[in-house]
């Protein structure tokens, strides 16, 4: 059996396979198709020592029966005693194959940053094929260097916070805790702290730092992470101050409610690249009310309600739960 450039050829003998490759080679030359022979693979269950064919001017030798190979997303092996690749353990040859394959592939946006520093996978992802490949790269100290003509891999943009993985990795429940943190998009230690990093936030006051309003009882993992941070902090620990997670610049996906750098609250309805159009709201008993007057109204806006314009880079996201402002 052999497959070349997404083509699969099955033959009962070496001669039959050579006849197939001869016809294929003629077709490729006639149509001007270039074949990367180095990516071709020859597999056989024959006991003969004559385990090679010549194709496109190059000799292809059959892989060992114990060496697994991948076709259409599935792994195969001629040796029935070979270990399953989705098990928790890998033979040296399997591990070498995984690393070699990963090194030859491009990287997607979702996993680019983990090529630079050892990742911490959530519990459910830990034993996946991709996770094991990435961990193997780091355990063998293999680095992928950027080619000057290639824009990948691109590390995840850091907003200046302290990565929580740095203190989470040694924890015995690291993978379980990481799963909980990912659900709330928590990646920085500063997300658990107030504006000047002097105290921990309570569960109900956690909303600005994670971009959503937490509901329900205080979860166990929340207290565990706070205890972990407290136990690892020492006089030499430096956090980013002021806390970059406390006030987040407004983004379209963060919701319409904003507060400006001059403490004016409102609801963004339209925006351009640099400017927001905001419907002005006031606050009474922690509830948002439409502005009753028009002292702040931009006269160039024809709508009746009190609207004003503000630079987008000077507007910050706030959270509103139904009819209540969460401060």
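Numbering (full-length UniProt numbering), first residue to last: 1 to 327. C-beta: ideal position from N, C-alpha, C; glycine also. Bear in mind that the values here come from a model prediction, so they are computed numbers and not experimental data.
Residue ranges of uninterrupted alpha helix (DSSP H) with 4 or more members, entirely inside the UniProt domain "Reverse transcriptase" (1-60) and ordered along the chain, are 14-31. The distance from the Cβ of residue 25 to that of residue 37 is about 10 Å, inconsistent with a contact at the 8 Å cut-off.
Listed in chain order, the non-local C-beta contacts of residue 307 below 8 Å within the same chain comprise 269, 277, 278, 279, 280, 297, 298, 301, local neighbours out to five positions each way being set aside. Each residue's CA atom was taken as its position, placing residue 256 and residue 245 some 18 Å apart.
Between residue 8 and the set 22, 40, 275, 30, the nearest pair of CA atoms involves 40. In the DSSP assignment, residue 168 falls within the alpha helix (DSSP H) that extends over 165-168. Note on residue 197: 16 or more other CB atoms within 10 angstroms of its CB, so buried under the neighbour-count rule. A residue is called buried once 16 or more other Cβ atoms fall within 10 Å of its Cβ, and residue 241, having fewer, is exposed.
In the three-state reduction of the DSSP assignment, residue 302 falls in the coil class. Around the C-beta of residue 233, fewer than 16 other C-beta atoms lie within 10 Å, and the residue is accordingly described as exposed. For residue 309, no alpha helix (DSSP H) segment is defined; the enclosing uninterrupted segment is the beta strand (DSSP E) at 307-311. In terms of CA proximity to residue 22, 53 leads the group 32, 47, 224, 53. Between residue 275 and residue 309, the CB-CB gap stays under 8 Å. Annotation for residue 250: no beta strand (DSSP E) segment contains it, and DSSP assigns it neither H nor E. For residue 315, the uninterrupted beta strand (DSSP E) run begins and ends at 315-317, by DSSP.
Note on residue 33: under 16 other CB atoms within 10 angstroms of its CB, so exposed under the neighbour-count rule. For residue 207, the enclosing alpha helix (DSSP H) stretches over residues 207-210. Residue nearest to residue 65 within the set 59, 215, 76 is 76 (criterion: CA-CA distance). Secondary structure note for residue 200: it is in no beta strand (DSSP E), with a DSSP letter that is neither H nor E.
Within the same chain, Cβ atoms closer than 6 Å to the Cβ of residue 121 are found at 131, the five residues on either side in sequence being excluded.
Of the residues 30, 229, 193, the one whose Cα lies closest to the Cα of residue 243 is 193. Apart from the 5 residues on each side of it in sequence, residue 315 sits with its Cβ closer than 6 Å to the Cβ of 250, 258, 260, 276 in its chain, given in chain order. Note on geometry: alpha-carbon atoms of residue 219 and residue 67 lie some 46 Å from one another. Closest in C-alpha terms to residue 168, from the list 204, 19, 221, 287, comes 221. Closest in C-alpha terms to residue 273, from the list 311, 164, 69, comes 311. Going by C-alpha positions, residue 187 is about 7 Å away from residue 165.
The residues 256, 257, 278, 279, 281, in chain order, have a CB closer than 7 Å to that of residue 267 in the same chain once the five nearest residues on each side in sequence are set aside. Residue pairing by DSSP places residue 134 opposite no residue, since no beta bridge is assigned to it. Residue pairing by DSSP places residue 266 opposite 258, 280 in a beta bridge.
Beta-carbon to beta-carbon, residue 191 and residue 210 are separated by about 6 Å, close enough to satisfy the 8 Å threshold. By the neighbour-count criterion, in which 16 or more other beta carbons inside 10 Å mark a residue as buried, residue 206 falls on the buried side. In the DSSP assignment, residue 181 falls within the alpha helix (DSSP H) that extends over 174-183.
If you look at residue 290, you'll find it in the beta strand (DSSP E) that goes 287-290. Between residue 15 and residue 50, the C-beta spacing is not below 8 Å.
With contacts defined as CB atoms closer than 8 Å, residue 161 and residue 189 qualify as a contacting pair.
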